[in-house]
Amino acid sequence: MKMLMLLLLSAALTFAADITGKWTLNVVLDAGSGSPTFDFVQKGEALTGTYHGQFGEAPLKGTVKGDKIEFTFGEGDATAKYSGTVAGNKMKGACDYAAAGKGTFEGTKN
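With the working numbering applied, the sequence shown covers 326 to 435.
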């Protein structure tokens, strides 16, 4: 039984995404669209990095668990939230830019 648990845990870790690097996301919001870039740094499940886009630059933080990604940047009423899935060098999901509205994103690793 212990061997089976170790094999399952090993398989789960093997399929975890590693998204470290520069990504370009195509974002479509209620208020318009854009293509910000993100420099992600992943250590285990912890995610940090920098957003670069029409709202300037901002540090980000989040998590990557298996193929699921979640991250935020900004402060207070200007906080943007992303959640989605990662498959290889592609990701997609939903985002919420507070006053700028909700939307979707798709992106690729550069």
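Don't be surprised by glycine CBs; every beta carbon is placed ideally from N, CA and C.
Only a predicted model underlies this, so the values are computations on that prediction, with no experimental measurement involved.
How many Å lie between SER408 and LYS368 at the Cα?
18 Å
For THR433, count neighbouring Cβ atoms within 10 angstroms of its own Cβ and tell me buried if that reaches 16, exposed if not.
exposed
Grouping DSSP H, G and I as helix and E and B as strand, with all else coil, what is GLY401?
helix
Using a 10 Å radius around the Cβ and a threshold of 16 neighbouring Cβ atoms, would you call ALA405 buried or exposed?
buried
Buried versus exposed call for GLY366 [16 or more other C-beta atoms within 10 Å across all chains shown]
A small fix is needed here, since residue 366 is Val in this sequence, not Gly. So VAL366 counts as exposed.
CA-to-CA distance, ASP392 to HIS377, given in whole angstroms:
HIS377 and ASP392: Cα-Cα distance of roughly 23 Å.
Between GLU395 and GLY387, is the Cβ-Cβ spacing less than 8 Å?
yes
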